[in-house]
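Encoded as C-alpha coordinates, the structure appears first; notes follow it.
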(Lines of atoms letter the chains of each structure in order from A and count residues from 1; the text may use other names and numbers.)
(Lines give C-alpha, C1' and ligand atoms only; values in the text may rest on other atoms or scores of the structure.)
Protein backbone atom coordinates (compact mmCIF):
# COMPACT_ATOMS: atom_id res chain seq x y z
CA UNK A 1 0.00 0.00 0.00
CA UNK A 2 1.26 3.42 -0.90
CA UNK A 3 1.01 6.69 0.91
CA UNK A 4 -1.98 7.67 -1.23
CA UNK A 5 -4.16 4.89 0.18
CA UNK A 6 -3.55 5.78 3.82
CA UNK A 7 -4.96 8.84 5.52
CA UNK A 8 -3.07 10.90 8.03
CA UNK A 9 -3.56 10.28 11.74
CA UNK A 10 -5.43 13.56 12.23
CA UNK A 11 -7.75 13.23 9.20
CA UNK A 12 -11.52 13.13 9.61
CA UNK A 13 -12.91 9.71 8.63
CA UNK A 14 -15.77 11.32 6.69
CA UNK A 15 -14.04 14.14 4.85
CA UNK A 16 -10.55 12.61 4.58
CA UNK A 17 -9.08 16.00 5.38
CA UNK A 18 -7.53 17.34 8.58
CA UNK A 19 -10.15 17.30 11.36
CA UNK A 20 -11.52 20.67 12.44
CA UNK A 21 -12.80 20.76 16.02
CA UNK A 22 -12.07 17.02 16.26
CA UNK A 23 -14.14 14.50 18.16
CA UNK A 24 -13.16 10.92 18.81
CA UNK A 25 -15.33 7.83 19.25
CA UNK A 26 -14.64 5.27 21.99
CA UNK A 27 -13.27 3.04 19.20
CA UNK A 28 -10.72 5.69 18.28
CA UNK A 29 -12.26 7.04 15.07
CA UNK A 30 -11.58 10.73 14.52
CA UNK A 31 -14.15 13.08 12.96
CA UNK A 32 -14.60 16.79 12.42
CA UNK A 33 -17.45 17.87 14.68
CA UNK A 34 -19.35 19.59 11.86
CA UNK A 35 -18.92 16.61 9.51
CA UNK A 36 -20.16 14.04 12.02
CA UNK A 37 -23.12 16.18 13.12
CA UNK A 38 -24.10 16.79 9.49
CA UNK A 39 -23.83 13.07 8.80
CA UNK A 40 -25.95 12.17 11.85
CA UNK A 41 -28.65 14.69 10.88
CA UNK A 42 -28.74 13.37 7.30
CA UNK A 43 -29.11 9.79 8.56
CA UNK A 44 -31.84 10.88 10.96
CA UNK A 45 -33.81 12.53 8.12
CA UNK A 46 -33.30 9.49 5.89
CA UNK A 47 -34.48 7.15 8.65
CA UNK A 48 -37.57 9.29 9.27
CA UNK A 49 -38.37 9.24 5.54
CA UNK A 50 -37.97 5.47 5.37
CA UNK A 51 -40.11 5.01 8.48
CA UNK A 52 -42.87 7.13 6.95
CA UNK A 53 -42.72 5.06 3.75
CA UNK A 54 -42.88 1.84 5.75
CA UNK A 55 -45.82 3.06 7.83
CA UNK A 56 -47.68 4.10 4.67
CA UNK A 57 -47.05 0.67 3.14
CA UNK A 58 -48.23 -1.04 6.32
CA UNK A 59 -51.42 1.06 6.27
CA UNK A 60 -52.05 0.12 2.61
CA UNK A 61 -51.48 -3.55 3.42
CA UNK A 62 -53.84 -3.36 6.41
CA UNK A 63 -56.57 -1.77 4.25
CA UNK A 64 -56.12 -4.49 1.62
CA UNK A 65 -56.32 -7.22 4.27
CA UNK A 66 -59.46 -5.65 5.75
CA UNK A 67 -61.08 -5.39 2.32
CA UNK A 68 -60.20 -9.01 1.53
CA UNK A 69 -61.65 -10.09 4.89
CA UNK A 70 -64.88 -8.18 4.19
CA UNK A 71 -65.18 -9.77 0.75
CA UNK A 72 -64.53 -13.20 2.23
CA UNK A 73 -67.17 -12.62 4.91
CA UNK A 74 -69.68 -11.52 2.28
CA UNK A 75 -68.97 -14.65 0.23
CA UNK A 76 -69.38 -16.86 3.30
CA UNK A 77 -72.67 -15.19 4.16
CA UNK A 78 -73.94 -15.62 0.60
CA UNK A 79 -72.91 -19.29 0.58
CA UNK A 80 -74.56 -19.84 3.97
CA UNK A 81 -77.80 -18.27 2.80
CA UNK A 82 -77.73 -20.31 -0.40
CA UNK A 83 -77.08 -23.58 1.41
CA UNK A 84 -79.40 -23.09 4.40
CA UNK A 85 -82.19 -20.93 3.11
CA UNK A 86 -82.56 -22.39 -0.36
CA UNK A 87 -81.21 -19.37 -2.19
CA UNK A 88 -81.94 -16.56 0.20
CA UNK A 89 -84.56 -13.85 -0.47
CA UNK A 90 -85.46 -15.14 -3.93
CA UNK A 91 -86.40 -18.57 -2.54
CA UNK A 92 -88.34 -16.98 0.32
CA UNK A 93 -90.32 -14.86 -2.17
CA UNK A 94 -91.12 -17.95 -4.24
CA UNK A 95 -92.25 -19.79 -1.10
CA UNK A 96 -94.76 -17.06 -0.27
CA UNK A 97 -96.27 -17.03 -3.70
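Numbering (our numbering), first residue to last: 27 to 123.
Here a beta-carbon is modelled for each residue, glycine too, at the ideal position from N, C-alpha and C.
A quick note: this is a predicted structure, and the numbers were derived from the prediction, not measured.
Subject >> Contiguous beta strand (DSSP E) assignments of at least 3 residues, all confined to the segment 37–85 >> reply: 48–50 and 56–58
Original post:
By the 10 Å Cβ neighbour count, where 16 or more other Cβ atoms means buried, how is residue 58 classified, buried or exposed?
Top reply: buried
**OP:** Put residue 35 into one of helix, strand or coil per three-state DSSP.
**Re:** coil
Subject >> Contact between the segment 32–39 and the segment 49–64 (3+ Cβ pairs under 8 angstroms) >> reply: yes
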